[in-house]
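*Asks:* In case it helps, the working numbering puts the sequence shown at residues 6 to 172.
Glycine residues also receive a C-beta, built at the ideal position from the N, C-alpha and C atoms.
The model shown is predicted, which means the values in this text are computed figures rather than measured ones.
Structure provided below as structure tokens; questions to follow.
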Amino acid sequence: MSTAHVMIRPAVIEDLDAICDVHARARATYYAGFLPTAEYNGPAELERQREGTARAIASQEYTVLCATRQDHIVGFAVLGARFEEDKLFHFHIDPEVWRTGTGSALHHACVAVWQAAKLSAVRLEVFAPNARARAFYTSKGWEEDGREDDHVTMRLLVPVPQQDPVL
Ligand SMILES: CC(C)(COP(=O)(O)OP(=O)(O)OC[C@H]1O[C@@H](n2cnc3c(N)ncnc32)[C@H](O)[C@@H]1OP(=O)(O)O)[C@@H](O)C(=O)NCCC(=O)NCCS
Numbered sequence: 006m007s008t009a010h011v012m013i014r015p016a017v018i019e020d021l022d023a024i025c026d027v028h029a030r031a032r033a034t035y036y037a038g039f040l041p042t043a044e045y046n047g048p049a050e051l052e053r054q055r056e057g058t059a060r061a062i063a064s065q066e067y068t069v070l071c072a073t074r075q076d077h078i079v080g081f082a083v084l085g086a087r088f089e090e091d092k093l094f095h096f097h098i099d100p101e102v103w104r105t106g107t108g109s110a111l112h113h114a115c116v117a118v119w120q121a122a123k124l125s126a127v128r129l130e131v132f133a134p135n136a137r138a139r140a141f142y143t144s145k146g147w148e149e150d151g152r153e154d155d156h157v158t159m160r161l162l163v164p165v166p167q168q169d170p171v172l
């Protein structure tokens, strides 16, 4: 298990291969046994995901953050901060470093983006059988508020930024 320090930064297009690698391995952990492999790990689906992530990195509409340890990408998030109730679209950590605080560091950076955009609430959808992610999000203050097909919807009240006390 890695204990190296986690850094969070905006993704650039040169990160695409590493992001797609993390994405494919992380997704497989919660779809395996629930969906046919081709639906989440087939070449057409992997290419679709890759094109979507490349578009998000290039776009002004989305923020793509990556988590690195020793300059190696170990996680990424794709989020919107355009309007109230905008979404966390992707949030994936390399299974090799799970439960070492990487997700927490990346989530903290996502919240900072929403705070900077002055949003009060944001949303996400999580595959219902993905108990690990549901527990993670709950630990970060997200609340489950509905269900759409095989996904649970969750909402986060964005915390007010901490102000330094006036001395
Ligand atoms: C869910 C995920 C992002 C968590 O990332 P992580 O780096 O392991 O998270 P952290 O180490 O920061 O954990 C923070 C807290 O989340 C909760 N948590 C994380 N994994 C958990 C698990 N397997 N069971 C219960 N709670 C868990 C705990 O409260 C944990 O704090 P603790 O370790 O002090 O108890 C990661 O497992 C992942 O990428 N999973 C696959 C991709 C995925 O499901 N993405 C969501 C798609 S919507």
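Can you tell me whether A114 is buried or exposed, with buried defined as 16 or more other CB within 10 angstroms of its CB?
*Replies:* Looking up residue 114 in the sequence shown gives position 109. A114 is buried by the Cβ-count criterion.
*Asks:* Could you check the C-alpha separation between F130 and A49 for me, to the nearest Å?
*Replies:* Within the sequence shown, the letter at position 125 stands for residue 130. Within the sequence shown, the letter at position 44 stands for residue 49. Residue identity check: residue 130 is Glu in the sequence provided, not Phe. So the alpha carbons of these two residues sit roughly 23 Å apart.
*Asks:* Please report the distance separating the alpha-carbon of F132 from that of A140.
*Replies:* The residue you call residue 132 lines up with position 127 of the sequence shown. The residue you call residue 140 lines up with position 135 of the sequence shown. Between F132 and A140, the C-alpha separation is close to 12 Å.
*Asks:* Any contact of the segment 106-125 with the segment 31-48, i.e. 3+ C-beta pairs under 8 Å?
*Replies:* Cβ pair count under 8 Å is below three, so no.
*Asks:* Using 8 Å as the Cβ pair cut-off and three pairs as the minimum, do the segment 10-19 and the segment 30-38 touch?
*Replies:* Not touching, per the Cβ criterion.
*Asks:* Any heavy atom of ligand 1 closer than 7 Å to the beta-carbon of G57?
*Replies:* Locating residue 57 in the sequence shown gives position 52, counting from the first residue. No; taking the cut-off as 7 Å, the Cβ of G57 has no heavy atom of ligand 1 nearer than that.
*Asks:* Quick check: the segment 148-166 against the segment 52-62, are there 3 or more CB pairs under 8 Å?
*Replies:* Output reads no: the segment 52-62 does not touch the segment 148-166.
*Asks:* For L124, which residues in the same chain have their Cβ closer than 7 Å to its Cβ, ignoring the five residues on either side in sequence?
*Replies:* To locate residue 124, count along the sequence shown from 1; it is residue 119. The answer, listed in chain order, is A86, E89, D91 and V163.
*Asks:* So what's A16 in DSSP terms, helix, strand or just coil?
*Replies:* Sequence index remark: in the sequence shown, residue 16 carries index 11 (1-based). Three-state DSSP puts A16 in coil, outside helix and strand.
*Asks:* Kindly provide the ranges of any alpha helix (DSSP H) runs that are 4 or more residues long and lie completely inside the segment 10-94, ordered along the chain.
*Replies:* Fully enclosed alpha helix (DSSP H) runs of 4 or longer: 21-36, 42-46 and 48-63.
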